[in-house]
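Shown next, in structure tokens, is the structure this report addresses.
Residue numbers (the numbering used here): 976 to 1251.
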């Protein structure tokens, strides 16, 4: 069964813009629209500690999705690497306490300058994931990562992602529907190759500029939009994953926090509901 989710910071920022009376009202609004879960972004902990999120969930009926966090657990420096892994284990312990079952981890390593550096960073990433997966499993937390939008990263191409997954049993994958296009990866190939390890999806859609441009100097220059309004084949992908019996969350990813953001989320929820 599919479950609709989004990123909690969208709702929190909308509340800060006074579009909702308070965060709880924002969570209630989207819960009534059909959004069951919201993902927690670790970079917002300075504004909203984890226990604050849990109050919002309890009062609104929303459920926590994944804790999404960036961490340099694959640093070249061994001391830094071990320190960061300890930090992640502490987060996992908090997640276990609150009943948050998923952590999506983004390795904050520096971009690789050449193939040798790429291979070294990939091996360190695999080593770190291996240590973290074993610990997470013991306390009932699932661990995953998503495809990135930079070829200098070790987790942007299908073949590299498969290599990581093949070397870390128990690690899951989150397919981001738009990041693949930034690095010229075929989202269908990525899905078909990795589908048995896909835990969740990040659904986002884009529109091209007036010249039909997707990238300038290797950087995406696209404007986000409601799901189904852009050029990504989301309707076809949604139809396929429903047919294939996918059981997980579809997280709506947008970058607009104003009134337009509410409309975009509303339209995106309706798009996903119509697809299943």
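A virtual CB, placed ideally from N, CA and C, is assigned to each residue, including glycine.
Between which two residues does the alpha helix (DSSP H) harbouring residue i extend?
i, result
"residue 1073", "1053-1073"
"residue 1094", "1090-1113"
"residue 1246", "1234-1250"
"residue 1001", "998-1008"
"residue 987", "983-991"
"residue 1034", "1025-1035"
Starting from residue i, follow the beta strand (DSSP E) in both directions and report where the run begins and ends.
i, result
"residue 1012", "1012-1016"
"residue 1121", "1117-1121"
"residue 1182", "1180-1182"
"residue 1198", "1198-1200"
"residue 1204", "Unbroken run through residue 1204: none, as it is neither H nor E."
"residue 1220", "Counting along the chain, residue 1220 falls outside any beta strand (DSSP E), and DSSP gives it neither H nor E."
"residue 1042", "1038-1046"
"residue 1021", "Run containing residue 1021: none; DSSP gives neither H nor E here."
"residue 1082", "1077-1082"
CB-CB under 8 Å to residue i, same chain, minus the five flanking residues each way: which ones, in chain order?
i, result
"residue 1050", "1056, 1059, 1084 and 1099"
"residue 997", "990"
"residue 1169", "1133, 1136, 1137, 1140, 1148 and 1150"
"residue 1121", "1079, 1081, 1130, 1148, 1149, 1150, 1151, 1154 and 1177"
"residue 1117", "1076, 1077, 1078, 1111, 1147 and 1174"
"residue 1203", "1180, 1209, 1210, 1242, 1243 and 1246"
"residue 1214", "1250"
"residue 1006", "1035, 1036 and 1037"
"residue 1172", "1140, 1146, 1147 and 1148"
"residue 1238", "1201"
"residue 987", "998, 1001, 1019, 1022 and 1023"
"residue 1119", "1041, 1077, 1078, 1079, 1080, 1146, 1147, 1148, 1149, 1174 and 1175"
By Cβ distance below 7 Å, which residues in the same chain neighbour residue i in space, the five residues on each side in sequence not counted?
i, result
"residue 1038", "1011, 1012 and 1032"
"residue 1004", "995"
"residue 1205", "1180, 1181 and 1182"
"residue 1096", "1049, 1084, 1087 and 1129"
"residue 1069", "1025"
"residue 1101", "1139, 1142 and 1143"
Which residues in the same chain as residue i place their Cβ atom closer than 6 Å to its Cβ, once the five residues preceding and following it in sequence are excluded?
i, result
"residue 1086", "1127"
"residue 1043", "1014, 1016 and 1079"
"residue 1022", "none"
"residue 1092", "none"
Our contact map puts residue i next to residue j with C-beta atoms below 8 Å; I'd like the distance itself, whole angstroms only.
i, j, result
"residue 1252", "residue 1150", "Past the boundaries of the shown model lies residue 1252; the chain is included only from 976 to 1251, so the question cannot be answered."
"residue 1180", "residue 1209", "6 Å"
"residue 1014", "residue 1035", "Actually they are not in contact, since the Cβ atoms of residue 1014 and residue 1035 sit about 15 Å apart, beyond 8 Å."
"residue 1115", "residue 1071", "6 Å"
"residue 1236", "residue 985", "6 Å"
"residue 1047", "residue 1063", "That pair is no contact at about 10 Å."
"residue 1066", "residue 1029", "Not a contact, Cβ separation roughly 14 Å."
"residue 1219", "residue 976", "Their Cβ separation, rounded to whole angstroms, is 13 Å, which puts residue 1219 and residue 976 out of contact at 8 Å."
"residue 1227", "residue 1212", "In fact, because the Cβ distance is near 14 Å, the residues do not count as touching under 8 Å."
- Item | Three-pair Cβ contact test at 8 Å for the region 1099-1115 versus the region 1154-1162 | The region 1099-1115 makes no contact with the region 1154-1162, as fewer than three CB pairs between them are under 8 Å.
- Item | At least three beta-carbon pairs within less than 8 Å, the region 1015-1030 to the region 1221-1239 | When C-beta atoms of the region 1015-1030 are compared with those of the region 1221-1239, fewer than three pairs fall below 8 Å, so the two segments do not count as touching.
- Message: Runs of 4 residues minimum, wholly inside the region 1112-1171: which ones carry the alpha helix (DSSP H) assignment?
- Response: Listed in chain order, the complete alpha helix (DSSP H) runs (minimum 4 residues) inside the region 1112-1171 are 1133-1142, 1154-1157 and 1162-1169.
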